[in-house]
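Notes for the one structure printed next.
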Amino acid sequence: MDDTCTMRPTVHLFFVLGCLLSLPVQAKPAENTVNILVINAYYQRLPWTLSFNDGVQTAQMSIEDADVTLFFENLDVTRSDQQQSETFRQYLREKYSSIHLDAVIADSAPSSAFLEQMPVFDSLIQIHHALSNRSVVRQQNRLLFSNDQTHFIERTLEIIREQNPDLQRLVVIESGAPPARRVRPVIESYLQRFPDIALEVPSDFRWPELLTRLTDLDKQTAIFYGAMFQDSDGQAFVPRDALKELTEATNVPVYGSYATYLGTGMIGGHLSDPARTGQSMVEAVMDYLRFGEFAGFYPTSQSYIDATAARRFRLDTSLSTPVILLNEPERWYQRNDRVLLWVLLVFILVSVLSLYWNSRLKRLVDRLHQTNRMLKDTKKALSISNGELKTLSRQDPLTGLYNRRAMLPMIEDAVSEYQRYELPSTLMLLDLDDFKLINDQLGHNIGDAVLKSVAYVLQSVSRRTDTIARWGGEEFLILAKGIHAEEAFRYLEKVRKQIRESQTIDDRPITFSAGVCEVQANHTADTLIAEADQAMYDAKLNGKDRTCIHRPDEPSVANT
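Here is the structure:
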């Protein structure tokens, strides 16, 4: 009984020591685990968001003293309204109520404003980002990263002046940008110190016309690209895509403000860098967790020069201020050019001597075979091209129907067959009603779609012996062999019904007026077409949306 109820002192001692030793091991993972929520304001495939998230993940992988887990959420402010934002807040509250978060990062002004309305995150470390001319702002456990736009624009202007010492004119391109992102006021203030540099800021321009103006500028000119969102016509642009068009069109160097513009042909500058900003934000979180306070400085911009773009204008990339050179060609061969040249010469000499005697005949035979293959390939390609050209010359490119050139000989054959064998044929000419209004009001894209749709209906209800062509504009020609005018009229009624029921624009049915003319002994192809055309115009004059049959020596008979 005593043996089962009494524990020896040695057992007690080992048990207590084991518990004490196990405590740090169990607590260590919790102390070194950091969970960070990243709220993206915009669509995650946008260049800014992609680059920012890359920077956050780069910083995550560089941290060795903690296990950092990142959670990404997308606010997508361009598609959300107030109700959707509230739904998103509720979603975040529910999702992260069971997850211990240490910090929240907002990647831009909209996500920062959204975070301010999330009191459930007030106790967390909060890193905000907004565009302003203020320095980094601190408030307890919160840190605001704000791009000092004046600073990085002026640094870029210094790079422009250093790379372009003869600069006499600076053209600033920006349109539709929000006030906080406009570069013109900063540039105007800066250039007051340099009266020999003229400032030109185009306004109320159409983008194609502006590109034309910028194709032939004098060599003492440079361009500063702010952001192009829309032109005077209201046409919307993606700023990066517009910049790429600009660099391809102009003959002078282009500089900008954002690292996401690199790779478009822009030279560079001191650029707001979302990747560097993302890294700095994670570093700020870790500084606060380690030391209980933020550091004195976190970079959000860097100086970049695209060496490939700079070479296009023969610009010096060795500047007085440190810059990051991108696309710089490797130069190891320049340091060893003499050795490499001798090695190459020896290799070529040995190769030529060894191959000359053993493969001279083989090379000649191979060359002959290759020439024969090339001739066969060329002949085959020529035959294919001739076939394609023949098809293209007879086919309407929009609808895929026969064109006028292909249709006319078929009409001549039908007239000839009637005159020789009295085989009946009927020609039908259709003209879409009010088609010009469709083009004028809805645009040629809609008009083209209507033409293709009507062509499809005509093909779907036609007989195998019928021949259909787009005669020109909104006119279609149908040559039906073996039927008389009355049968053609019934066929067109079937077509009219199907088109009216299946083809509408703005709740208005698509209709057509048609003329029918049966081949007669005295017809030529031209007179047959002319009489069908006259019958079609009679249908137009009788109120449209109807068919007129041309009868010899009688006025055209209109049928609805």
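When the letters of the sequence shown are read in order and numbered with mature numbering (1 follows the signal peptide of the UniProt record, and there is no 0), they come out as residues -27 to -1, 1 to 533.
Note that beta-carbon positions come from the ideal geometry of N, C-alpha and C, so glycine has one too.
Since this is a predicted model, take the numbers as computed values, not measurements.
Thinking just about the alpha-carbon of each residue, which of the options is nearest to the one in residue i?
i: residue 135; options: 28, 291, 322; result: 291
i: residue 272; options: 386, 247, 263; result: 247
i: residue 119; options: 371, 338, 287, 250; result: 250
i: residue 383; options: 315, 437, 402, 454; result: 454
i: residue 73; options: 347, 9, 398; result: 9
i: residue 196; options: 366, 470, 286; result: 286
i: residue 140; options: 224, 395, 191, 413; result: 191
i: residue 385; options: 421, 145, 264, 497; result: 497
i: residue 445; options: 412, 490, 377; result: 377
i: residue 447; options: 458, 373, 421; result: 421
i: residue 510; options: 123, 406, 317; result: 406
If you draw a straight line from the alpha carbon of residue i to that of residue j, how long is it in whole angstroms?
i: residue 232; j: residue 244; result: 5 Å
i: residue 267; j: residue 37; result: 19 Å
i: residue 519; j: residue 435; result: 19 Å
i: residue 33; j: residue 84; result: 21 Å
i: residue 516; j: residue 387; result: 31 Å
i: residue -6; j: residue 49; result: The pLDDT assigned to residue -6 is 45, lower than 50, so where the model puts this residue is not dependable; a value taken from the coordinates is nonetheless given after this. Answer to the nearest angstrom: the Cα atoms are 46 Å apart.
i: residue 259; j: residue 153; result: 30 Å
i: residue 523; j: residue 468; result: 19 Å
i: residue 31; j: residue 25; result: 10 Å
i: residue 403; j: residue 217; result: 46 Å
i: residue 500; j: residue 222; result: 53 Å
i: residue 478; j: residue 513; result: 20 Å
i: residue 80; j: residue 280; result: 29 Å
i: residue 428; j: residue 503; result: 22 Å
i: residue 327; j: residue 344; result: 25 Å
i: residue 204; j: residue 211; result: 12 Å
i: residue 414; j: residue 473; result: 20 Å
i: residue 105; j: residue 116; result: Low local confidence applies: a pLDDT of 46 at residue 105 is under 50, so the model's placement there is unreliable, with the coordinate-based value given in what follows. Going from the Cα of residue 105 to the Cα of residue 116 covers about 14 Å.
i: residue 169; j: residue 282; result: 26 Å
i: residue 315; j: residue 329; result: 21 Å
i: residue 177; j: residue 206; result: 9 Å
i: residue 437; j: residue 363; result: 22 Å
i: residue 236; j: residue 470; result: 56 Å
i: residue 193; j: residue 167; result: 15 Å
Could you give the C-beta distance for residue i and residue j, rounded to a whole number, given that I count them as a contact under 8 Å?
i: residue 187; j: residue 164; result: With 8 Å as the limit, residue 187 and residue 164 do not qualify as a contact, their Cβ atoms being about 19 Å apart.
i: residue 100; j: residue 130; result: The pair is not a contact, with the Cβ atoms about 30 Å apart (cut-off 8 Å).
i: residue 229; j: residue 261; result: The pair is not a contact, with the Cβ atoms about 33 Å apart (cut-off 8 Å).
i: residue 452; j: residue 400; result: 6 Å
i: residue 147; j: residue 200; result: 6 Å
i: residue 150; j: residue 87; result: Not confirmed; about 22 Å, so no contact.
i: residue 61; j: residue 13; result: Actually they do not touch by this definition, with Cβ atoms about 12 Å apart.
How about residue i and residue j: do their beta carbons lie closer than 8 Å?
i: residue 450; j: residue 442; result: yes
i: residue 97; j: residue 75; result: yes
i: residue 276; j: residue 295; result: yes
i: residue 7; j: residue 41; result: yes
i: residue 371; j: residue 431; result: no
i: residue 392; j: residue 508; result: no
i: residue 226; j: residue 288; result: yes
i: residue 255; j: residue 77; result: no
i: residue 456; j: residue 397; result: yes
i: residue 492; j: residue 505; result: no
i: residue 368; j: residue 426; result: no
Taking buried to mean at least 16 other C-beta atoms within 10 Å of its own C-beta, is residue i buried or exposed?
i: residue 179; result: exposed
i: residue 418; result: exposed
i: residue 521; result: buried
i: residue 375; result: buried
i: residue 483; result: buried
i: residue 310; result: exposed
i: residue 270; result: exposed
i: residue 334; result: exposed
i: residue 485; result: buried
i: residue 331; result: exposed
i: residue 338; result: exposed
i: residue 234; result: buried
i: residue 18; result: exposed
i: residue 65; result: buried
Would a check of beta-carbon distances place residue i closer than 8 Å to chain B?
i: residue 238; result: No chain B is part of this structure, which consists of one protein chain only.
Relative to the ligand MG, is the shortest distance from any of its heavy atoms to the C-beta of residue i smaller than 7 Å?
i: residue 487; result: Ligands displayed in this structure: none; no statement on the ligand MG is therefore possible.
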